[in-house]
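Numbered as in the UniProt record's numbering, the sequence shown ends at 259 without a single skipped number.
Glycine is no exception: its CB is placed at the ideal position from the N, C-alpha and C atoms.
Beneath this line is the structure, given in C-alpha cells, with notes to follow.
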Amino acid sequence: TSGRRPLVAGNWKMNLTHLEAIALVQKIAFTLNEKELTAVEAAVLPPFVSIRGVQTLIDGDQLDVAYGAQDISVHDSGAYTGEVSGAMLAKLGCRYAVVGHSERREYHHEDDATVNAKAKAAFKNGIVPIVCVGEGLDVREADSQVEHCTAQLTAAMEGIPADQARNVVVAYEPVWAIGTGKTATPEDAQEVCGALRDKLTDLYSGDLADAVRIIYGGSVKPDNAAALAAQPDVDGSLVGGASLDGEQFAAICRFA
Ligand code: PEP
Numbered sequence: 004t005s006g007r008r009p010l011v012a013g014n015w016k017m018n019l020t021h022l023e024a025i026a027l028v029q030k031i032a033f034t035l036n037e038k039e040l041t042a043v044e045a046a047v048l049p050p051f052v053s054i055r056g057v058q059t060l061i062d063g064d065q066l067d068v069a070y071g072a073q074d075i076s077v078h079d080s081g082a083y084t085g086e087v088s089g090a091m092l093a094k095l096g097c098r099y100a101v102v103g104h105s106e107r108r109e110y111h112h113e114d115d116a117t118v119n120a121k122a123k124a125a126f127k128n129g130i131v132p133i134v135c136v137g138e139g140l141d142v143r144e145a146d147s148q149v150e151h152c153t154a155q156l157t158a159a160m161e162g163i164p165a166d167q168a169r170n171v172v173v174a175y176e177p178v179w180a181i182g183t184g185k186t187a188t189p190e191d192a193q194e195v196c197g198a199l200r201d202k203l204t205d206l207y208s209g210d211l212a213d214a215v216r217i218i219y220g221g222s223v224k225p226d227n228a229a230a231l232a233a234q235p236d237v238d239g240s241l242v243g244g245a246s247l248d249g250e251q252f253a254a255i256c257r258f259a
C-alpha cells in the first residue's frame with residue numbers, strides 16, 4: 004500500500020547489562036536473514052550504557068541492525084547532571100532517539116513542550132526522533148483518543164520544518180496497552196494511526212504524510228504482529244517486553 008519500509012524498534016527500557024545487550028543484538032542479527040533485514044528495518048534501543056558496545060558490534064560485523072537511545076537531553080551540554088546530549092548520541096552513531104515515551108511523561112513529568120524540545124534536539128544532531136503519543140484508559144473510555152493523540156502530535160511537531168519532519172517516526176502507543184498484555188485491536192490501531200497521518204497532511208502536506216512511518220506499540224507479540232502490520236497506516240511496531248527475546252523480536256520483524 005505504500006513505499007514505506009516498516010520499522011520494528013525494540014525498546015529495551017531499563018533491562019540487560021552491556022554484555023547481555025551485545026548477545027541479544029547478535030541473536031537478532033543471526034536469526035534474521037539478509038532479505039528479511041532488507042524488507043524491514045530492525046532497530047534496538049538499549050540503555051545509554053550499552054550503546055557503545057552495540058555500536059562496536061554492529062560496525063565491526065557490519066550488521067544490518069539500526070540502534071538508538073531511549074531518551075535525549077533538550078540541552079546541548081553543560082551542568083545537567085545525569086543527562087545525555089544529542090551530540091553524544093550522534094557521535095555513537097545513533098540513528099534514533101525515543102521522545103515522549105509514556106513512561107517518561109508519567110514518571111519524569113515530561114510535557115508536550117519538553118517532547119517538542121527533545122524532538123528538535125534530535126533533529127539538530129541528525130538523529131531521528133521516534134515521537135510517542137498515546138491516550139490513557141480514561142481518554143479511551145471517553146472515545147477521545149483521536150483528538151488526544153493528534154493534539155500530542157501537533158504539539159510535538161511545533162516549529163519543526165518540513166525537511167526535518169519528513170524523517171520523523173511517530174509511535175502510537177495507547178498507555179493502557181503498554182506492558183499490560185492488552186493490545187489495541189488492529190482497527191483501533193488503524194483508527195489512530197490513520198488520524199495521525201491525516202494530521203501530518205494538515206500540518207505539512209499529503210506528500211510528507213505519505214513518507215512518514217507511523218508505528219504501533221503496546222504489547223506487540225509474534226501472534227498479533229501480522230494483523231497490526233496489515234493495517235494500511237501501521238508501518239511497523241515499537242516493541243517493549245517482546246524485544247528482550249531475540250526469537251520473538253525476529254518473529255515480529257518477519258511479520259512486519
Ligand atoms: C513500549 O513501552 O514501548 C511498549 C510497547 O511496551 P510493551 O511492548 O511491553 O507493551
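Practice task
Over the uninterrupted alpha helix (DSSP H) stretch that includes L140, give me the two end residues.
Solution key: Where L140 is concerned, the enclosing alpha helix (DSSP H) stretches over L140 to E144.
Handout entry: As assigned by DSSP and simplified to three states, the class of R222
Key = According to the sequence provided, residue 222 is Ser. The question's Arg does not apply to it. When DSSP states are grouped into helix, strand and coil, S222 belongs to the coil group.
Exercise for the section: Kindly examine the ligand PEP and report whether one of its heavy atoms sits closer than 7 Å to the Cβ of V134. Expected result: Placement of the Cβ of V134 at a distance of 7 Å or more from every heavy atom of the ligand PEP is found.
Practice task
Pick helix, strand or coil for E168, following the three-state DSSP scheme.
Solution key: Note on identity: in this sequence residue 168 is Ala, with Glu being the wrong assignment. DSSP, read as helix, strand or coil, puts A168 in helix.
Problem - Residues of its chain near A212, where Cβ-Cβ distance is below 6 Å and the 5 sequence neighbours each way are ignored - result: Apart from the 5 residues on each side of it in sequence, A212 sits with its Cβ closer than 6 Å to the Cβ of R200, L203 and T204 in its chain, given in chain order.
Problem - First through last residue of the alpha helix (DSSP H) which encompasses L60 - result: Run containing L60: F51 to G63, per the alpha helix (DSSP H) assignment.
Problem - Status (buried if at least 16 other CB within 10 Å, exposed otherwise) for L22 - result: With fewer than 16 other CB atoms across the displayed protein chains lying within 10 angstroms of its CB, L22 is exposed.
Handout entry: M17, buried or exposed, once every other Cβ within 10 Å from all chains shown has been counted against 16
Key = Result: exposed.
Problem - Alpha-carbon spacing of A93 relative to V142, whole angstroms - result: A93 and V142 have their C-alpha atoms roughly 36 Å apart.
Handout entry: Contacts around P9, its chain only, beta-carbon distance under 6 Å, and the 5 residues preceding and following it disregarded
Key = A distance below 6 Å between beta-carbons, with the five flanking residues on each side excluded, links P9 to the following residues of its chain, in chain order: V43, D238, G239 and A259.
Exercise for the section: Could you check the C-alpha separation between S105 and A32 for me, to the nearest Å? Expected result: Going from the Cα of S105 to the Cα of A32 covers about 29 Å.
Handout entry: Those residues which DSSP pairs with C135 across a bridge
Key = Looking at the DSSP output, C135 sits in a beta bridge with A174.
Handout entry: N-terminal and C-terminal residue of the alpha helix (DSSP H) that V28 is part of
Key = Going by DSSP, V28 is part of the alpha helix (DSSP H) stretching over H21 to T34.
Handout entry: E44, enclosing beta strand (DSSP E) - first and last residue
Key = Per DSSP, E44 belongs to the beta strand (DSSP E) from E44 to L48.
Exercise for the section: Taking only heavy atoms of the ligand PEP into account, decide whether any of them is closer than 7 Å to the Cβ of G243. Expected result: Checking the Cβ of G243 against the ligand PEP gives yes.
Handout entry: Cβ separation of S246 and G184, assumed to be a contact under 8 Å, to the nearest whole Å
Key = The C-beta distance from S246 to G184 rounds to 15 Å, too long to fall under 8 Å, and the pair is not in contact.
Handout entry: Terminal residues of the alpha helix (DSSP H) in which Y207 lies
Key = Here Y207 belongs to no alpha helix (DSSP H), and DSSP marks it neither H nor E.
Handout entry: Beta-bridge partners of N14, as assigned by DSSP
Key = Its beta-bridge partners are L48.
Problem - Coil, strand or helix - G239 by DSSP - result: In this structure, G239 counts as strand in the three-state DSSP scheme.
Problem - H111 Cβ short of 7 Å to the ligand PEP heavy atom set - result: No; taking the cut-off as 7 Å, the Cβ of H111 has no heavy atom of the ligand PEP nearer than that.
Practice task
Sort L66, L40, D74 and E39 by Cα distance to F51 and report the nearest one.
Solution key: Comparing alpha carbon positions, the residue from L66, L40, D74 and E39 closest to F51 is D74.
Exercise for the section: Spatial neighbours of A253 within its chain, please: CB distance less than 7 Å, with the 5 preceding and 5 following residues excluded, ordered by chain position. Expected result: Contacts found: I31, T34 and L35.
Practice task
Measure how close the beta-carbons of I218 and A174 come, nearest whole angstrom, since I'm counting them as under 8 Å.
Solution key: That pair is a contact at about 5 Å.
Handout entry: Cβ contact (3+ pairs, closer than 8 Å) linking the segment 125–139 and the segment 57–76
Key = Result yes; three or more Cβ-Cβ pairs closer than 8 Å.
Problem - Spatial neighbours of E86 in its chain, beta-carbon cut-off 8 Å, leaving aside the 5 residues before and after - result: Non-local beta-carbon contacts of E86 in its own chain, meaning distances under 8 Å to residues more than five positions away in sequence, involve S76 and H78 in chain order.
Problem - C-beta atoms of T186 and N227 nearer than 8 Å - result: Contact annotation: T186 and N227 have beta-carbon atoms nearer than 8 Å.
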